Amino acid sequence: MKHASSNRLIAALLWAPCSVALAHHSFAMFDMSKTLTLAGTVTNFEWTNPHAWLWIQVPDSKGGSQLWGLEGQAPGELTRHGWTRHSINVGDKISVQIHPLKDGELGGSFGIVTFANGTVLSSGMSIGAQPAP
Amino acid sequence: MNCTGLVLTLLGAAAAVTLLGNDGMAADAHTSTAAPKASSTHWWESLKGLPDWSGAWGLDDQSFAQTISDSTGKKPNDPPLTPKYAALRAANGAANNGQGPPGGVETNSVNCIPDGMPGVMTAPFAFEFLVSPGRVTILPENNEVRRIYTDGRAHPDDPDPTYEGNSIGHWEGQTLVVDTTGMLPQAELFVGLHVTEQTHVVERIFRRDAQTMQIDTVVSDPVIFTAPWHYTRTYKRSDAGMIEYVCEQNNRDRNWKVNLTPPK
């Protein structure tokens, strides 16, 4: 079941620029100064520790597509922010805000997920911002 | 006799010994590092009047934002680091929201090594606080275990250093005061900065309201700090309970090399 948020703006403000998915690590792998928005189709959602991983196939400008691997918070943290292992499903059309890997590989850390029907999921973590009410 | 029968028999024998035993509190508990004997109902009655800390308590977002701030140096003199440690933090890969040198100081958890004390208490996990006679056990979600002895014993004279250190505590009303020393230098202060053999932690743990646990912490170490570092963190009651966290399950970040091999 999807956890709906009625206020995308607040969700976006909470996340960017932020440090989602960093429970387990330092911050060196991701470029926290960059926020990209990817749109594509979910091919897998790993509800695993120490991080959930979201895999999406993103169409490119040449008629093909690229697979991105995106790291999220641990299931415990996501659960406390209203997620379940069924929050994202294979085949879902989503857009997702990420901080990309510094090394240019097709990976990053994910924060806010928006579904085709407008439902928004936020992991709710940020630097310096007030937590979600 | 099957296994269950054997266990029941042993439990029965233990109960019989208990009934025959005495109150069992060590007379010199305040000077001994040994555990007093636990044997009678009086022992369990010692829990009367202590607070109900049952449930799962998750470090709240605001408190975790403080952990990140501490780790990245957003506030230059918070914590009050000595020049050497301020330089270490600046050189850390955690510095400047990730804009510092990549692969700076290793963090423990990227390789599934325990955070240790005091860092584990400010990691974004849920925590359980189990109050039992002579003992409080704190169980962070990441499977570290903190054993806090409240039976009056002292710290050992020369403890083997450990990630969690050696913790003794006492109750001041509804507040548990915990004194921890003897951490391994591999234990983390926060993300990417480690303690020393001189690090000393004092925590005051109490339930602020029905939904909030609060821990006021003072960390002292003349090598790391120019003055004792005081901080307060809060933990919200989580209806979701404790969530399993087995770091080795799918750690794609080992040694800072992200494994982007798609799952099958």
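Those sequence lines, one after another, are chains A and B. The opening position of the first sequence corresponds to residue 1 in our numbering, with each subsequent residue numbered one higher. The opening position of the second sequence corresponds to residue 1001 in our numbering, with each subsequent residue numbered one higher. Ideal placement from N, C-alpha and C gives every residue a C-beta, glycine not left out. These numbers come from a predicted model, not from an experiment.
- Message: Quick check on the DSSP output: the alpha helix (DSSP H) that includes glycine 76 of chain A runs from which residue to which?
- Response: 75 to 80
- Query: In chain order, which continuous runs of the alpha helix (DSSP H) of length 4 or greater are located wholly inside the stretch 1033 to 1090 of chain B?
  - Reply: 1041 to 1045, 1061 to 1072
- Would you check if there are 3 or more beta carbon pairs closer than 8 Å linking the stretch 1240 to 1250 of chain B to the stretch 1124 to 1132 of chain B? yes
- Query: For glutamate 105 of chain A, is the classification buried or exposed, using 16 other Cβ atoms within 10 angstroms of its Cβ as the cut-off for buried?
  - Reply: exposed
- Item | Listed by chain order, chain B residues near proline 75 of chain A by CB distance under 9 Å | Ile1243, Glu1244, Tyr1245
- Message: Would you say phenylalanine 85 of chain A lies against chain B (beta-carbon separation less than 8 Å)?
- Response: Looking at the sequence itself, residue 85 of chain A is arginine, so the reference to phenylalanine does not match. False, the Cβ-Cβ gap to chain B never drops below 8 Å.
- So, is the C-beta of glycine 1073 of chain B closer than 8 Å to a C-beta in chain A? no
- Query: Apart from the five residues just before and just after arginine 1204 of chain B, which ones in its own chain have a Cβ nearer than 6 Å to its Cβ?
  - Reply: Thr1175, Val1177, Asp1216
- Item | Residues within the stretch 39 to 51 of chain A neighbouring chain B, beta-carbon criterion of under 9 Å | Thr43, Asn44, Glu46, Thr48, Asn49, Pro50, His51
- Query: In three-state terms, what does DSSP make of serine 1252 of chain B?
  - Reply: A small fix is needed here, since residue 1252 of chain B is arginine in this sequence, not serine. Coil.
- Message: Under 8 Å, Cβ to Cβ, is there at least one residue of chain B near threonine 35 of chain A?
- Response: no
- Message: Going by DSSP, what residue range makes up the beta strand (DSSP E) through glutamine 97 of chain A?
- Response: 93 to 100
- Message: Closest to threonine 1234 of chain B by C-alpha separation, out of B/Glu1248, B/Gln1211, B/Gly1073, would be which residue?
- Response: B/Gln1211
- Query: Can you name the residues that DSSP bridges to proline 1140 of chain B?
  - Reply: B/Phe1127
- Query: If glutamine 97 of chain A sits next to glycine 111 of chain A, beta carbons under 8 Å apart, how far is it from one beta carbon to the other, in whole angstroms?
  - Reply: 5 Å
- Compare the C-alpha of aspartate 1078 of chain B against each of B/Asp1151, B/Val1218, B/Pro1262, B/Asp1253 and name the closest. B/Val1218
- Query: For serine 33 of chain A, which residues does DSSP report across the bridge?
  - Reply: Partner(s): none; serine 33 of chain A has no beta bridge.
- Item | Range covered by the beta strand (DSSP E) that runs through histidine 1230 of chain B | 1229 to 1238
- So with Cβ pairs under 8 Å, would you call leucine 67 of chain A a contact of chain B? yes
- Can you list, in chain order, the residues of the stretch 84 to 103 of chain A whose Cβ is nearer than 9 Å to any Cβ on chain B? His99, Leu101, Lys102, Asp103
- Item | Cutoff 8 Å: threonine 79 of chain A Cβ touching any chain B Cβ | yes
- Looking only at its own chain, which residues have a Cβ that is under 6 Å from the Cβ of leucine 67 of chain A, when we skip the five neighbours before and after it? Gln57
- Item | Local conformation of glycine 1100 of chain B per DSSP, three classes | Low local confidence applies: a pLDDT of 45 at glycine 1100 of chain B is under 50, so the model's placement there is unreliable, and no value is given.
- Message: For a cutoff of 8 Å on Cβ pairs, would you count glutamine 1249 of chain B as touching chain A?
- Response: yes
- Message: Please tell me whether phenylalanine 1127 of chain B has its Cβ less than 8 Å away from any Cβ of chain A.
- Response: no
- Item | Rounded distance between the beta-carbons of glutamate 1188 of chain B and aspartate 1115 of chain B, thought under 8 Å | 5 Å
- Taking the DSSP output, what are the residues bridged to aspartate 1209 of chain B? B/Thr1212
- Task: Identify which residue in A/Trp47, A/Gly118, A/Thr114 has its Cα closest to the Cα of threonine 37 of chain A.
- Result: A/Thr114
- Residues that leucine 1260 of chain B contacts on chain A, provided the C-beta gap is smaller than 9 Å: Leu67, Trp68, Gly69, Leu101, Glu105, Leu106, Gly107
- Task: Confirm, please, whether the CB-CB distance from tryptophan 1171 of chain B to leucine 1047 of chain B is below 8 Å.
- Result: no
- Chain-ordered neighbours of glycine 1169 of chain B on chain A, where CB pairs are closer than 8 Å: Near glycine 1169 of chain B there are no residues of chain A at all, since even the closest Cβ is about 26 Å away, more than 8 Å.
- Cβ-heavy atom distance, lysine 1236 of chain B to the ligand MG, below 7 Å: The ligand MG is absent from the structure shown, which contains no ligand whatsoever.
- Query: Can you name the residues of chain A whose CB is closer than 7 Å to the CB of serine 1238 of chain B?
  - Reply: Arg80
- Task: Pick out whichever of B/Thr1067, B/Asp1151, B/Ser1167 has its Cα sitting closest to the Cα of aspartate 1157 of chain B.
- Result: B/Ser1167
- Query: Got a sec, what are the start and stop residues for the beta strand (DSSP E) glycine 72 of chain A sits in?
  - Reply: No beta strand (DSSP E) holds glycine 72 of chain A; DSSP gives it neither H nor E.
- Measure how close the beta-carbons of proline 75 of chain A and alanine 39 of chain A come, nearest whole angstrom, since I'm counting them as under 8 Å. About 25 Å separates the two Cβ atoms, so there is no contact after all.
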